[in-house]
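Input: a single structure, listed below in structure tokens.
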Amino acid sequence: MAGMRSDGVLAVFDVGKTNIKLSAVDAGGRVLETLSLANPVREGPPWRHHDLAAIRAWLFDGLGALARRHALVGFVPVGHGSGGVLVRDDPDMGGDGAALPMIDYEQPLPEEVRRAYATLAGPFFDRGSALMHGATHQARQLFWMEREAPQAVASARWYLGIPQYWAWVMSGVAVSEASVLGAQSHLWNVPERRWAAIVPARGWGRLMPPFARAWERVGSIRPALAARHGLPPDLAVFAGGHDSSVNFYRYQAAGLREATVISTGTWIVGLSGTTPLELLDEHRGMTCNSDVFGAPLGGVLSMGGREYAAIAGPDAPQVPVAVETAARLAARGTMALPSFGDSDSLFPGSAGRGRILGEPPATAAERKALAVLYCALLTAECLDALGPGREVVLDGSFVREPLYPALVGAFAPGRRVRFSLDAYGVAAGAALLAGHGARTEPVPVDLSEPGALPPVFTAYAQRWRAAVHRDAPAAAGS
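Residue numbering for the sequence shown follows this note's numbering, beginning at 8 and increasing consecutively.
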């Protein structure tokens with residue numbers, strides 16, 4: 008079943024790597040209330056893992072509290088794509104249902120597991136990404152589980168992405184979902200809409216439940232849970248999806264299906280439904296994701312938040328960057344060149360080679376201005392990588408710095424750049440999913456236009472790109 012009555016309140020459960028949010032959101036995507044929790048992690052054995060029992064207890068306490076204040080009609084789970092939970096066939100859910108602890112994807116891999124998995128991972132479109140750090144990728148986690156605890160894997164019932172695990176906890180119904188599997192799980196070939204070769208090769212097909220669309224109602228809350236926690240007995244449970252794809256869906260629901268969406272925070276995440284597949288280059292931080300409809304999304308990743316922090320330093324002023332400060336840096340040619348973190352991103356061979364070119368920033372305000380300039384240039388590079396699409400939407404934490412969207416507009420000529428100041432895009436998109444089947448017209452989204460900037464910034468971007476490309480051969484070849 009799909010669709011939801013238009014006057015209800017949705018409980019959106021958003022599981023991030025660092026923080027977890029539970030929000031009451033109306034059917035139009037307006038967030039009414041949010042509760043949050045730092046995502047708890049325990050050390051091993053057998054590996055560092057997320058504390059599912061603690062999360063479960065917090066979730067149901069929070070749902071009970073929200074139900075006392077709002078007329079809840081549905082539950083929509085969303086989450087990052089770098090985790091999976093191996094579960095038992097346990098409909099009564101006496102505990103968390105996990106057959107093995109859920110691996111923290113930043114947990115380093117045993118070297119023998121890393122080497123063995125690399126020979127099995129398959130071609131790019133089976134993976135959707137390069138081999139990333141730590142225990143990232145659901146397939147790699149399942150492979151590690153199989154090596155470490157073969158009996159537990161052999162006796163398990165399902166292997167579920169994070170949103171679908173919580174849908175199963177709530178309803179007892181297990182499903183697979185395309186946008187989560189398309190978030191670098193290495194289990195799903197997005198363009199061909201089939202399981203990656205590693206799934207039949209390892210006999211994992213028996214662990215993969217049938218598919219549901221992200222907006223589908225998979226069932227209702229388990230009666231025992233509803234009674235125990237004071238929740239509506241007919242509370243609908245939806246399949247849910249990958250957080251970035253759900254945020255992208257918010258703009259699809261607004262009719263912006265051709266837009267390239269750049270979401271900013273710890274990562275700069277770019278997604279576009281118009282990127283030709285042949286442009287995707289795994290060696291430049293590019294990915295092949297899936298939207299909630301199962302269609303390919305060209306993706307690009309750059310750890311912008313970490314790069315920003317490395318340049319701005321710990322004493323960055325809270326006040327916005329003045330245009331005059333940034334223009335002064337641009338005029339004298341002060342540049343930050345990639346990359347300051349341990350990721351190459353769009354610049355192969357650049358990890359750990361970040362440097363300041365020209366006269367260094369002299370004050371904390373100048374360091375912050377340089378960081379904003381650099382992150383806007385990274386964003387423009389992400390846009391170039393994804394292709395020539397004219398419509399661009401920026402959202403996330405960077406857009407709260409007024410100069411950032413204006414700089415992206417200056418650094419990406421020929422594109423229409425707009426931005427959203429909504430801090431709850433994932434929650435809004437998730438709530439809109441619940442009404443997908445009944446919607447007959449686009450849902451408005453509030454977008455702003457950045458102001459124009461003086462031409463000094465356009466010239467600065469040209470010099471920066473020349474310097475980056477001049478550095479590239481030496482960095483890649485060393």
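Virtual Cβ for every residue (Gly too), placed ideally from N, Cα, C.
- When DSSP states are grouped into helix, strand and coil, I205 belongs to the helix group.
- Within the same chain, and ignoring the five residues on either side of L393 in sequence, the residues whose Cβ sits closer than 7 Å to its Cβ are T267, G277, S279, T282, G305, V307.
- Counting along the chain, the unbroken alpha helix (DSSP H) around L188 starts and ends at 185-188.
- Counting along the chain, K375 sits inside the alpha helix (DSSP H) bounded by residues 371-393.
- In the DSSP assignment, V22 falls within the unbroken beta strand (DSSP E) covering 16-22.
- Counting other Cβ atoms within 10 Å of its Cβ, N26 stays below 16 and is therefore classed as exposed.
- Per DSSP, the beta-bridge partners of S43 are K28.
- P84: member of the beta strand (DSSP E) spanning 79-86, first to last residue.
- Nearest to L428 by C-alpha distance, out of W195, P239, P457, V299, is P457.
- Contact between L149 and Y166 holds: CB atoms are separated by about 6 Å, below the 8 Å threshold.
- A Cβ-Cβ contact shorter than 8 Å links Q191 with T294.
- Beta bridge pairing from DSSP links H57 with V48, M109.
- Exclusion of the five residues before and after A60 leaves G102, D103 as the residues of its chain whose Cβ lies within less than 7 Å of its Cβ.
- Nearest C-alpha to S178 among L287, V244, L238: V244.
- The shortest C-alpha to C-alpha distance from L42 to any of A105, A329, G69 is the one to G69.
- Collapsing the DSSP output to three states places M310 in coil.
- Residue environment for R224: buried (at least 16 other C-beta atoms within 10 angstroms of its C-beta).
- Its chain contains F132, L284, C295, P303 as the residues whose beta carbon lies nearer than 8 Å to that of P198, once the 5 sequence neighbours on both sides are disregarded; these appear in chain order.
- By the Cβ criterion, the region 455-473 is in contact with the region 418-434, since at least three pairs of Cβ atoms, one from each stretch, lie closer than 8 Å.
- About 6 Å separates the Cβ atoms of A438 and V19, confirming a contact at the 8 Å cut-off.
- Annotated three-state conformation of M293 is strand, per DSSP.
- L138 places its beta carbon 8 Å or farther from that of G168.
- Residue environment: H290 is assigned as exposed (fewer than 16 neighbouring CB atoms within 10 Å of its CB, all protein chains considered).
- Residue pairing by DSSP places N196 opposite R201 in a beta bridge.
- Note on Q259: 16 or more other CB atoms within 10 angstroms of its CB, so buried under the neighbour-count rule.
- Going by beta carbons, T271 and G311 fall inside the 8 Å limit.
- With a minimum length of 3 residues, the unbroken runs of beta strand (DSSP E) contained wholly in the region 119-175 fall at 165-168.
- Taking 8 Å as the cut-off, the beta carbon of G301 is found closer than this to the beta carbon of R200.
- Shown here for C382: same chain residues with a beta carbon closer than 8 Å to its own, the five before and five after excluded, namely T271, I275, G311, E314, Y315, F405, Y411 in chain order.
- Taken through DSSP and simplified to helix, strand or coil, M342 comes out as strand.
- Between A434 and V38 a beta carbon distance of about 5 Å is seen, short of the 8 Å cut, so the two are scored as contacting.
- At the C-beta level, G247 and A174 come within 8 Å of one another.
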